[in-house]
Amino acid sequence: MKRVLIYKFPYSSLFGGGERHTLDLVEGLQTHGFEFFLVSSCSVLVPEFRRRQISTWRLPFIKEPVSYGTVFLFPFVALFAFCILSSILIYFRIGYRVQTLYCLSLTEKILITPVARLLGMRVLWIEHVACGRWLVLNPFRPLYVAFSRLASIVTPSQDAAHSFIQLGVLQKRIHVIPYGLRIDAWTVERKHLPDPTKHFTLGYVGRLEPEKGVDILLRAIQEVRFSLPHIRGIIIGHGSSRRHLEWLAREFGILDRVTFVGFQLDVQKWLKNLHVLILPSVKRESFGIIVLEALCAKVPVIASDIGGVPEIIEHNKTGYLVHPGNVEALVEQILFTYHHYTDALESARRGSAKVAAQFSLETMLSRFSILL
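First residue of the sequence shown? That's 1 in full-length UniProt numbering, and the numbers climb one at a time after it.
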């Protein structure tokens, strides 16, 4: 049996694509002879791991140094954190014969990686998002680049991998492993989809944060409502921007057309009632798990041409791409999709076939099992 210790000490905790990926990976590999342990301050993963009866230790006092405040404080707590995390690592290495350290946040990557290697352990760094200002301008960047030579780094897309190569990480240390889905679980028949000429429903699923561009979607709905008076929008997710987005919907006069339903565990139930999924990200989108899920469910997708999304969507073949932040382009694509909805459904079917062929959970698990 292979044993893996997971460390995660995020700056903030929200249930997003990275968390879903971690849970799917752990659940899948448990059936392939792996045992996992979690040491974390993450308020999302800790209860989820405990619910799955996986050994979990919660350390709520450590945050990764990715903001001005945490970067300033980090030197004052680094020695304490190093001692605590090293002691825990040694305990699991000796007591449970853990072979691999699985790192999800910056803290343990720059503090504990050398210790794990000295103990004869494999080290995996998981980078769910592309390299951004949080690391490019981080004073601890040199440590990250130096210690990356001791680890295997996994990114979900070629775009994300390229961003870390530009940072100074050696290409040979990086492994691109796209997210994978349980294809059978997401392949559903949409027998009772409402007539789009009576109710044309657009949906967004994800975190409500500025970089996700949900305000662009609201502006597009505001503009397109005169051409499509029966258009509706469903916003699924939570985050720091929710109140602002609700205020925008009120200011735009579309509050009667847009419904904010908050975080939903059963995303599939909502997806099968959408005519189109919109992913309007404006800053970064390293991959976009929701795009895989929508295509697998044969829901047409309009997404920003950004990050790793073009590695899933080929414009006019498996979905539609628009320039990030361009309201007019999004409006034009929404209208085109409505007037050519049969073609849009065909693109979703082609997308579903691509997802089944290239982005299955079993493919992801087999590639991770080699590294672990």
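Every residue gets a Cβ at the ideal spot worked out from N, C-alpha and C, and that includes glycine.
Three CB pairs or more closer than 8 Å across the region 174–184 and the region 155–166: Short answer: they touch.
CA nearest to the CA of R243, picked from R207, R225 and L265: When C-alpha distances from R243 are compared across R207, R225 and L265, the shortest belongs to R207.
Counting only runs that start and end within the region 5–87, where is the alpha helix (DSSP H) found for 4 or more residues in a row? Scanning the region 5–87 from its first residue to its last, the whole alpha helix (DSSP H) runs of 4-plus residues come out as 17–30 and 45–51.
Close-in-space but distant-in-sequence residues of the same chain around A344 (CB under 6 Å, 5 per side omitted): Answer for A344: P300 and T337, listed in chain order.
Work out the CA separation of F76 and H323 for me, nearest whole Å. Rounded to whole angstroms, the gap between the alpha carbons of H323 and F76 is 43 Å.
Is L248 helix, strand or coil when you go by DSSP? If DSSP states are grouped into helix, strand and coil, L248 belongs with the helices.
So what does S304 bridge to, in DSSP terms? Beta-bridge pairing links S304 to V322.
Using a Cβ-Cβ cutoff of less than 6 Å, which residues in the same chain neighbour residue 411 once the five nearest sequence positions on both sides are dropped? Any question about residue 411 goes unanswered here, given that the chain covers just 1 to 372.
Beta-carbon gap between L119 and I90 smaller than 8 Å: Yes, the pair counts as a contact, with Cβ atoms nearer than the cut-off.
Alpha carbon to alpha carbon, how far is K198 from R58? Give it in angstroms, no decimals. Each residue's Cα considered, the two are about 50 Å apart.
Own chain partners of R182 with C-beta closer than 6 Å, once the 5 adjacent residues on each side are dropped: Taken in chain order, the residues that qualify are L361.
Reference F164, options D195, C131, Q333 and S347, closest by Cα: For the residues D195, C131, Q333 and S347, the minimum Cα distance to F164 belongs to C131.
Going by DSSP, what residue range makes up the alpha helix (DSSP H) through I370? L361 to L371 is the span of the alpha helix (DSSP H), which, as asked, contains I370.
For W270: DSSP bridge partner residues: As computed with DSSP, W270 is found in no beta bridge at all.
If you check the beta carbons only, do R257 and I231 fall under 8 Å apart? A contact, by the Cβ cut-off of 8 Å.
Evaluate Y204 with the Cβ neighbour count: other Cβ atoms within 10 Å of its Cβ, from every protein chain shown; 16 or more gives buried, anything less gives exposed. Y204 counts as buried, since no fewer than 16 other beta carbons sit within 10 angstroms of its beta carbon.
Three CB pairs or more closer than 8 Å across the region 166–176 and the region 1–15: With contact defined as three or more Cβ pairs closer than 8 Å, the region 166–176 and the region 1–15 are not in contact.
Consult DSSP for C103 and reduce its assignment to one of helix, strand or coil. In the three-state scheme derived from DSSP, where H, G and I count as helix and E and B as strand, C103 is classed as strand.
What are the boundary residues of the alpha helix (DSSP H) that V205 is part of? Note, V205: premise wrong, no alpha helix (DSSP H); beta strand (DSSP E) at F200 to V205.
With DSSP as the reference, label E259 as helix, strand or coil. With the sequence shown as reference, residue 259 is identified as Thr, and Glu is not the correct amino acid for it. The answer is strand: DSSP assigns T259 an E or B state.
Quick check: what's the CA-CA separation for L5 versus I62? Spanning the two alpha carbons is a distance of roughly 17 Å.
Quick check on E285: buried or exposed, where buried means 16 or more other Cβ atoms within 10 Å of its Cβ? Flag for E285 reads buried.
Exposed or buried, what is W125 when buried is set at 16 or more other beta-carbons lying within 10 Å of its beta-carbon? Buried.
Considering only the beta carbon of each residue, do I236 and W186 sit closer than 8 Å? Cβ atoms of I236 and W186: not closer than 8 Å.
Where are the alpha helix (DSSP H) runs, 4 residues long or more, that stay fully inside the region 127–196, in chain order? Those alpha helix (DSSP H) runs which fall completely within the region 127–196 and span 4+ residues are 133–136, 141–147, 158–167 and 183–186.
From what residue to what residue does the beta strand (DSSP E) around L265 run? Premise fails: L265 is in no beta strand (DSSP E) and is neither H nor E.
Residue range of the alpha helix (DSSP H) that includes I221: Run containing I221: V214 to V224, per the alpha helix (DSSP H) assignment.
G95 (DSSP reduced to helix, strand or coil): Three-state DSSP puts G95 in a helix.
Counting only the same chain and skipping the five closest in sequence on each side, list residues whose C-beta sits under 6 Å from that of Y341. Cβ within range, chain order: P196.
Thinking just about the alpha-carbon of each residue, which of D24, E328 and L29 is nearest to the one in A220? Closest option to A220, Cα to Cα, is E328.
For the pair the region 131–144 and the region 29–40, tell me if three or more CB-CB distances fall below 8 Å. In this structure the region 131–144 does not lie against the region 29–40, because fewer than three pairs of beta carbons, one per stretch, are closer than 8 Å.
Would a C-beta distance cut-off of 8 Å place F368 and L292 closer than the cut-off? F368 places its beta carbon 8 Å or farther from that of L292.
Could you compute how far the alpha carbon of L217 sits from the alpha carbon of R93? Distance between the alpha carbons of L217 and R93: 49 Å.
Could you say which of L274, L202, I289 and F49 lies nearest to E311 if we only look at CA atoms? For E311, the nearest C-alpha among the options comes from I289.
Going by DSSP, name the residue or residues bridged to L345. Note: L345 sits in no beta bridge, so no partner.
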